[in-house]
Structure formats: structure tokens, C-alpha cells
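J.: The following block contains the structure, expressed as C-alpha cells.
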Amino acid sequence: MSINWYKFSAPASFYGLAGRLAPWFAWAAALLTVVGLYLGFFVAPTDFQQGEAYRVIFIHVPAAWMSMFIYLVMAAWAAIGLAFNTRLSFMMARALAPTGAMFTFVALWTGAFWGKPMWGAWWVWDARLTSELILLFLYVGIMALWAAIDDPRRGDKAGALLALIGAINVPIIYFSVQWWNTLHQGSSIKPTGSSMDEVMLAGMLIMAFAAWFYTAAVAFVRVRRIILERERHTEWVKHVLESA
Amino acid sequence: MLGFLLTVIRRDLLLAARRRGDWLTAQFFFVMVVSLFPLGIGPEPELLKRIAPGVVWVAATLASLLSLSRLFADDHRDGSLEQMLLSPEPAVLLALGKAIAHWLIYGIPLLLVAPVLGIQFALPAEAIGVLVLSLAIGTPILSLLGAVGAALTLGLRGGGVLLTLLILPLYVPALIFGAGAVDAMLAGTGVEANLSLLGAFFMLSLLVAPWVSAAALRVSME
Numbered sequence: 000m001s002i003n004w005y006k007f008s009a010p011a012s013f014y015g016l017a018g019r020l021a022p023w024f025a026w027a028a029a030l031l032t033v034v035g036l037y038l039g040f041f042v043a044p045t046d047f048q049q050g051e052a053y054r055v056i057f058i059h060v061p062a063a064w065m066s067m068f069i070y071l072v073m074a075a076w077a078a079i080g081l082a083f084n085t086r087l088s089f090m091m092a093r094a095l096a097p098t099g100a101m102f103t104f105v106a107l108w109t110g111a112f113w114g115k116p117m118w119g120a121w122w123v124w125d126a127r128l129t130s131e132l133i134l135l136f137l138y139v140g141i142m143a144l145w146a147a148i149d150d151p152r153r154g155d156k157a158g159a160l161l162a163l164i165g166a167i168n169v170p171i172i173y174f175s176v177q178w179w180n181t182l183h184q185g186s187s188i189k190p191t192g193s194s195m196d197e198v199m200l201a202g203m204l205i206m207a208f209a210a211w212f213y214t215a216a217v218a219f220v221r222v223r224r225i226i227l228e229r230e231r232h233t234e235w236v237k238h239v240l241e242s243a
Numbered sequence: 000m001l002g003f004l005l006t007v008i009r010r011d012l013l014l015a016a017r018r019r020g021d022w023l024t025a026q027f028f029f030v031m032v033v034s035l036f037p038l039g040i041g042p043e044p045e046l047l048k049r050i051a052p053g054v055v056w057v058a059a060t061l062a063s064l065l066s067l068s069r070l071f072a073d074d075h076r077d078g079s080l081e082q083m084l085l086s087p088e089p090a091v092l093l094a095l096g097k098a099i100a101h102w103l104i105y106g107i108p109l110l111l112v113a114p115v116l117g118i119q120f121a122l123p124a125e126a127i128g129v130l131v132l133s134l135a136i137g138t139p140i141l142s143l144l145g146a147v148g149a150a151l152t153l154g155l156r157g158g159g160v161l162l163t164l165l166i167l168p169l170y171v172p173a174l175i176f177g178a179g180a181v182d183a184m185l186a187g188t189g190v191e192a193n194l195s196l197l198g199a200f201f202m203l204s205l206l207v208a209p210w211v212s213a214a215a216l217r218v219s220m221e
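See below:
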């Protein structure tokens, strides 16, 4: 079966697809969260160095991954939108940003809870913390720009440009803040193999997939709202609203 | 093409010369912000020397934003920006010329004032030299990136505050390398690494920022 992708680049047909997919993604996210948290909190062994406090990684690490990944996806949608002038791409970028900002905040928040017992401080000016904080600022800036521009077309493109220039800047910011002595522990997952217990790793990866499915589900729901709002003058939206 | 660029720069310089109050405000803002820090922190020379690079650099970024909010606004209001965009000359040159003019008007005076502030903060002579050098490489970055923000927020309500939200995170590398160079000088380690990275960031900004500003101008004028 071949899928006609161009068909779904039209907001009207994507509206239906997103509506059908969102519950599946939401259920997958819920199921994976239950499994991941069970593994993380009940099955995974206690860390010999960090005790029970390490268990925050089952939320912290997936949130930190997603915060960066969502920014990249958002910038990619922005680039596609600018290149092909597709309305739906900009709507996807707008639908992703709040979730990205939420995960950035969660990563910082849970990181603080982990840092207090481990480092003895809620906050240290370490490279990863600082770049995560600046990532949050970038999300806030883009959302503020979208909020300030009333004309949707202008807002779409202006936000997309800012997202792109931010995406170029993110690695530079990351390497520039690495100039400080870093307190943050190095990455435990390396291409050559992991230093983690297998159950811990499984729990963390499952939670990462849960976060991914959650993001997709929320983005689909949000993009449906945006589509309805933008296309409210069209016939098909009137049909949808009447039948609802 | 070069003629168009020079015309844009000359026009902005002429406008600035006719309205001195506009850019002098940003300079005095810079001096005042820096001077407030000793009042808030205390007059110990050792402490002041320690914080001087960061304070001067942060004040420089804020002063740049203060003057950037008007970079395109006046031309937008009287319609000349639209005319310039309609001309057959590339919009990239317009954006680049505007950023260069902004740097000449805001950056050069800042470089002249910075040594005096360095003396106020008890910086040794060679550290003042590095401070001026880092500002000379770094302030063009602020003008180039800031022009993107100014173009994006053109004609929006509360554009000035929004501009700071958008652009300050992008200034972070310039701030770190710029202030880091002076810190390295004070610590007795080499300044080349920081200055080289600052120079690389300047080159990258020069390559990318004018195109993005030009695209942002077109979006804002649609």
C-alpha cells in the first residue's frame, strides 16, 4: 500500500488523520509510562553510589532528551515550512513548542531535585544545566514572538526564522558553556556500550519512548485546534463543528 | 552592489549625525549601568577587577539592544524601508549595511568609552587592551544578530522588550568568549583561544545573520 503523503499535507485531511492517531499515541504513552515507571521504581536495583536518589533519571533523562529533540523537530518543520511554504508545517512547529518548553522545564526541575542530594546544591552553573536553561529561553522567545504577531502567516514565518537561527546557535551555546569546569557527570550511555545496569537502561529507554509518544499525541491534539482556528471560515470546518 | 552598501551606511550615519540624542542615549546607558555595579557591590578594587569583564560585556549587550529596537523602526514608519526593499538591489545588502552602520554608531563610541570604565574597575593596562580588543571583535556580532531580532519584531507592540527576549539567548557565546578573554588575561593564561573563538563566531554571524535579517524584513513587510 502506498501512502499519498501530499494528501496529508493539506490541513483538512491531516485533521482527520491526527484525530485518528492521537488516541493510539496517547494509549501507547500511558502504557509505556506505567511499564517504565514500574521498572524504574520497583525492579531496577539501587545504585551503589547514589542510592535511591538516582531514580529521578527515569524522568530526568527522557525529559532532557526530548527537550533537545523537540527543538530539532520544530526547527525542521520550520525549515520545511519556509522552503515549501506549507501551512501545516508551521502549525506543527507551533504545536510542538509548548511541549518542548515543558520538557525543558521538567528536565531542569528534576535535575535540581537530583542535584540537591548529589551535589549539595539545587543549581550549579554547569555546562549542561546552563545550556538547558538557555534552551528554555529560546523556547520562550519563540513562543513570545508567535504570541505577539496577530497575523498568522507573518507569525509563522517570523517564528520559523527564529527557530532556525536558534538551531544553528544551540551547538555553539553548548560548546561555549562547556568552558566552565563541569560538575555534571559524564554520559553513562556510550556507543561502545553502557555502564548501566540493563534494567535501568531498559526503564530509561521505555520512558524515553513514552515521552516521545506523549509528545506526538499532544502535538496532534494541539495541531487539530490550530487547524480549526485557522480554517474556521472554510466549509469543511463548518461541517466538522456541526456534526460534533 | 558595493555602491548600494555604502549608500545605506552613509545614509544611516548621516541620520545619526542629525539626531545625536538617539545614539548618545545608548552610550550613556552603557556608562551608567557599568557605574551602578560598584555602588551596588562595594568599592574593593580586587572584587571590581574580578567582575569588570562580565559587567562591561553584559552592559554592552544591553546597550546594543537599546539602540537596536530603532534600527528599522524609523524607516518602517516613514515608508522608506519599503521603498528600499522594493528596489532591485538585494535585501541582504540592505540588512548588512544597516548592521554595519549600527556598529559604527554604537560600537565605535563604546570601544572609546570602555578603557575609561576599565580604569574605574582597577583593571591593569594589558587587561584593558584585551577588553577593548574583545569588544572590537564581539560588538559586530551583537549588531549582526540584533538586526535579525529588530527585523523580526518590526512594528510589533512591545517590540523592544520582545527583542531582548529573542536575542539575549543568542548573545550568550559572544558574552562568554568576550568576557572569558579578559578573565584569561587576568588569570595569566593565554587569551588567543577565547579571541579566536570569538572571531569564528563573528565570521559565522557575518555569513548567516544578514540573510536571515533580509528574510525577516520581507516577512515583516508582507
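These protein sequence lines are chains S and G, in that order. The first sequence: position 59 = 58 (numbering that gives the first Met the number 0), numbered continuously. The second sequence: position 13 = 12 (numbering that gives the first Met the number 0), numbered continuously. We treat Cβ as the ideally placed atom computed from N, Cα and C, and that holds for glycine. Bear in mind that the values here come from a model prediction, so they are computed numbers and not experimental data.
Between S:R153 and chain G, is the shortest Cβ-Cβ distance under 8 Å, so that the two count as touching?
T.: Numbered from its first residue, the first sequence carries residue 153 of chain S at position 154. Answer yes: the Cβ-Cβ gap between S:R153 and chain G drops below 8 Å somewhere.
J.: Assess, as a yes-or-no matter, whether the stretch 169–180 of chain G is touched by the stretch 142–155 of chain S under the definition of 3 or more beta carbon pairs within less than 8 Å.
T.: no
J.: Start and end of the alpha helix (DSSP H) containing G:F57?
T.: Within the second sequence, numbered from 1, the residue matching residue 57 of chain G stands at position 58. Checking the sequence shown, residue 57 of chain G turns out to be Val, not Phe. It spans 44–67 - the alpha helix (DSSP H) in which G:V57 sits, taken as one unbroken run.
J.: Whose Cβ in chain G lies nearer than 7 Å to the Cβ of S:S175?
T.: Position 176 of the first sequence, counted from the start, is the residue given in the question as residue 175 of chain S. Here the neighbours are V171, P172, I175, F176.
J.: Pair every Cβ in the stretch 15–22 of chain G with every Cβ in the stretch 113–121 of chain G, then say whether three or more of these pairs are closer than 8 Å.
T.: no
J.: Using 7 Å as the cut-off, classify the Cβ of G:S142 as near or not near the heavy atoms of the ligand COA, replying yes or no.
T.: With respect to the ligand COA, the structure shown offers nothing to examine, as it has no ligands at all.
J.: Less than 8 Å between the beta carbons of S:P61 and S:M203, yes or no?
T.: Walking along the first sequence from the start, residue 61 of chain S turns up at place 62. Walking along the first sequence from the start, residue 203 of chain S turns up at place 204. Between S:P61 and S:M203, the C-beta spacing is below 8 Å.
J.: Since G:R156 meets chain S, which of its residues come closer than 9 Å, beta carbon to beta carbon?
T.: Position 157 of the second sequence, counting from 1, holds the residue named residue 156 of chain G. A147, listed in chain order.
J.: Where does G:G39 fall in DSSP's three states?
T.: One-based indexing of the second sequence puts residue 39 of chain G at position 40. In this structure, G:G39 counts as helix in the three-state DSSP scheme.
J.: Name the one or two DSSP bridge partners that S:D46 has.
T.: Taking the first residue of the first sequence as position 1, residue 46 of chain S is located at position 47. In DSSP, S:D46 forms a bridge with S:G50.
J.: On the criterion of 16 or more Cβ atoms from any shown chain inside 10 Å, does S:N180 qualify as buried, or is it exposed?
T.: One-based indexing of the first sequence puts residue 180 of chain S at position 181. Residue confidence is low: S:N180 scores 47 on pLDDT, short of 50, so the model does not pin down where it sits. No coordinate-derived value is stated.
J.: Just checking, does the stretch 25–42 of chain S make contact with the stretch 205–213 of chain S on the three C-beta pairs under 8 Å criterion?
T.: yes
J.: So with Cβ pairs under 8 Å, would you call G:A214 a contact of chain S?
T.: In the second sequence, counting from the first residue as 1, residue 214 of chain G sits at position 215. Chain S contact via Cβ: present.
J.: Under DSSP, the alpha helix (DSSP H) around G:L132 begins and ends at which residues?
T.: Numbered from 1 along the second sequence, position 133 holds the residue referred to as residue 132 of chain G. Per DSSP, G:L132 belongs to the alpha helix (DSSP H) from 124–151.
J.: If you run the structure through DSSP and keep just helix, strand and coil, what is S:A126?
T.: In the first sequence, residue 126 of chain S corresponds to position 127, counting from 1. For S:A126, the secondary structure class from DSSP, reduced to helix, strand or coil, is helix.
J.: Rounded to whole angstroms, what's the CA-CA distance from S:W122 to S:D46? Just pull it up for me.
T.: Stepping through the first sequence from its first residue, residue 122 of chain S is reached at position 123. Stepping through the first sequence from its first residue, residue 46 of chain S is reached at position 47. Going from the Cα of S:W122 to the Cα of S:D46 covers about 22 Å.
J.: Can you check whether the CB of G:A59 is closer than 8 Å to the CB of G:L109?
T.: The count along the second sequence starts at 1 and reaches residue 109 of chain G at position 110. The count along the second sequence starts at 1 and reaches residue 59 of chain G at position 60. Going by C-beta atoms, G:L109 is nearer than 8 Å to G:A59.
J.: Kindly give me the distance between the Cβ atoms of S:S130 and S:T103, rounded to whole angstroms, as I take these residues to be in contact under 8 Å.
T.: Locating residue 130 of chain S in the first sequence gives position 131, where the first residue counts as 1. Locating residue 103 of chain S in the first sequence gives position 104, where the first residue counts as 1. Between S:T103 and S:S130 the Cβ distance is about 10 Å, and since that is not below 8 Å, they are no contact.
J.: Just the chain G side, please: which residues come within less than 8 Å of S:F136 by C-beta, in chain order?
T.: Within the first sequence, the letter at position 137 stands for residue 136 of chain S. The contacting residues are L164, L167, P168.
J.: Please report the residue range of the alpha helix (DSSP H) in which G:H101 lies.
T.: Stepping through the second sequence from its first residue, residue 101 of chain G is reached at position 102. Counting along the chain, the alpha helix (DSSP H) containing G:H101 begins and ends at 90–101.
J.: Per DSSP, what kind of secondary structure is S:I176 in: helix, strand or coil?
T.: Locating residue 176 of chain S in the first sequence gives position 177, where the first residue counts as 1. It is Val, not Ile, that sits at residue 176 of chain S in the sequence shown. Helix.
J.: Kindly say whether G:S219, judged by its beta-carbon, lies nearer than 8 Å to any beta-carbon of chain S.
T.: Residue numbering aside, residue 219 of chain G sits at position 220 when the second sequence is read from its first letter. Interface residue, yes.
J.: One question on the structure: do G:G148 and G:L134 come within less than 8 Å of each other, judged by their Cβ atoms?
T.: The residue labelled residue 148 of chain G in the question sits at position 149 within the second sequence. The residue labelled residue 134 of chain G in the question sits at position 135 within the second sequence. Not a contact, by the Cβ cut-off of 8 Å.
J.: Which word fits G:N193, buried or exposed, when buried means at least 16 other C-beta atoms lie within 10 angstroms of its C-beta?
T.: In the second sequence, the residue the question calls residue 193 of chain G occupies position 194. By the neighbour-count rule (16 or more Cβ atoms within 10 Å), G:N193 is buried.
J.: May I have the straight-line CA-CA distance separating G:F28 from S:I79, to the nearest angstrom?
T.: Numbered from 1 along the second sequence, position 29 holds the residue referred to as residue 28 of chain G. Numbered from 1 along the first sequence, position 80 holds the residue referred to as residue 79 of chain S. Cα to Cα, G:F28 sits roughly 41 Å from S:I79.
J.: Note down, in chain order, every chain G residue with its Cβ under 7 Å from the Cβ of S:K156.
T.: What you label residue 156 of chain S is simply residue 157 of the first sequence in a count that begins at 1. Going along chain G in sequence order, the residues near S:K156 (Cβ under 7 Å) are V218.
J.: I'd like the list of long-range same chain contacts for S:F7, defined as Cβ closer than 7 Å, with 5 residues on each side in sequence excluded.
T.: The residue given as residue 7 of chain S occupies position 8 in the first sequence. Cβ-Cβ distances below 7 Å link S:F7 to F13, L16 in the same chain, with the five nearest sequence neighbours on each side left out; the list follows chain order.
J.: Hey, could you find the ends of the alpha helix (DSSP H) S:Y37 is sitting in?
T.: As a position in the first sequence, residue 37 of chain S is number 38, starting the count at 1. 10–37 is the extent of the alpha helix (DSSP H) around S:Y37.
J.: Return helix, strand or coil for S:M117, following the three-state DSSP convention.
T.: Translated into positions along the first sequence, residue 117 of chain S becomes position 118. Reduced to three states, the DSSP call for S:M117 is helix.
J.: If I'm right that S:F212 touches S:A28 with Cβ under 8 Å, what's the distance once you round it to whole angstroms?
T.: Translated into positions along the first sequence, residue 212 of chain S becomes position 213. Translated into positions along the first sequence, residue 28 of chain S becomes position 29. Separation of the CB atoms of S:F212 and S:A28 is rounded to 4 Å, and the pair is thereby assigned contact status at 8 Å.
J.: Can you confirm whether S:G99, when its beta carbon is compared against all beta carbons of chain G, has any partner nearer than 8 Å?
T.: The sequence position of residue 99 of chain S within the first sequence is 100, counting from 1. Using a Cβ-Cβ cut-off of 8 Å, S:G99 does not count as an interface residue toward chain G, since no Cβ of chain G sits closer than that to its own.
J.: So which of S:A9, S:M199, S:I171, S:E197 has the shortest CA-CA distance to S:S88?
T.: Along the first sequence, read from residue 1 onward, the residue named residue 88 of chain S stands at position 89. Considering only alpha carbons, the answer is S:A9.
J.: DSSP on G:H75, reduced to helix/strand/coil?
T.: Along the second sequence, read from residue 1 onward, the residue named residue 75 of chain G stands at position 76. Assignment of G:H75 by DSSP, reduced to helix, strand and coil, places it in the helix class.
J.: Go ahead and pull the three-state DSSP assignment for G:G157.
T.: Counting from 1 along the second sequence, the entry for residue 157 of chain G is found at position 158. G:G157: coil per DSSP, three-state reduction.
J.: Is there a Cβ from chain G that is less than 8 Å from the Cβ of S:L144?
T.: On the first sequence, position 145 is the one that residue 144 of chain S refers to. Interface residue, yes.
J.: Would you verify that the beta carbon of S:G140 is, or is not, closer than 8 Å to some beta carbon of chain G?
T.: By one-based count along the first sequence, residue 140 of chain S stands at place 141. True, the Cβ-Cβ gap to chain G drops below 8 Å.
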